[in-house]
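Heads up: the structure comes next, in structure tokens.
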Amino acid sequence: MTLTAVSTLQARAGKEDLVRAQALALIEPTLAEPGCVSYQPYQHPTRPGEWVVVESWESRAAFEAHMTSPHLLAAFQAGADLLTGAPVERIFEG
């Protein structure tokens with residue numbers, strides 16, 4: 023059973039470029055993780071502070087391992103200053 027996570031993020035005013043850089047920097051290390059099928063951040067075309075990240079994993083275990091990866095933990099730590107709040111995450115299995 024695969025797992026798909028859809029997360030929404032909102033950059034703080036003036037931090038949009040930093041959020042963009044961080045979101046794009048997460049692509050390569052995340053795709054290299056065992057069990058990652060896809061990982062793609064999307065920036066809203068007219069509201070540059072608004073992001074959606076869509077990721078698919080071969081299993082819940084692979085996703086949970088991702089949630090403790092060093093690069094993601096570093097992003098969460100940086101997010102406290104860059105985002106208006108914690109990402110809102112929705113999980114789907116199928």
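Read in order, the letters of the sequence shown correspond to residues 23 to 116 in the working numbering.
Ideal placement from N, C-alpha and C gives every residue a C-beta, glycine not left out.
Residues near residue i in its chain [Cβ-Cβ closer than 6 angstroms; skip 5 each side]
i	result
K37	L104
F85	L25, W79
As assigned by DSSP and simplified to three states, the class of residue i
i	result
A83	helix
A108	coil
CB of residue i within 9 angstroms of CB of residue j, strictly
i	j	result
S117	G57	Since the first and last residues shown for the chain are 23 and 116, residue 117 lies out of range.
Q44	T106	no
P63	L46	yes
L6	H93	In the structure displayed, the chain extends from 23 to 116; residue 6 sits before or after that span and is not available.
Residue i beta carbon near the ligand PLP (any heavy atom closer than 8 angstroms)
i	result
L94	Absent from the structure shown: the ligand PLP. Ligands present: none.
Residue i, buried or exposed, once every other Cβ within 10 Å from all chains shown has been counted against 16
i	result
H88	buried
V41	buried
A98	The sequence as given places Phe at residue 98; Ala does not occur at that position. Under this definition F98 is an exposed residue.
T90	exposed
M71	For clarity, residue 71 is Gly in the given sequence; the question names Met instead. The residue in question, G71, is buried, as its Cβ has 16 or more Cβ neighbours within 10 Å.
V110	exposed
L95	exposed
Spatial neighbours of residue i in its chain, beta-carbon cut-off 7 angstroms, leaving aside the 5 residues before and after
i	result
S60	E77, S78
Spatial neighbours of residue i in its chain, beta-carbon cut-off 8 angstroms, leaving aside the 5 residues before and after
i	result
F114	L25, T26, A27, V28
A35	G71
Could you pull out every unbroken alpha helix (DSSP H) segment of at least 4 residues lying fully inside the region 30-94, listed in chain order? 38-47, 49-53, 82-88
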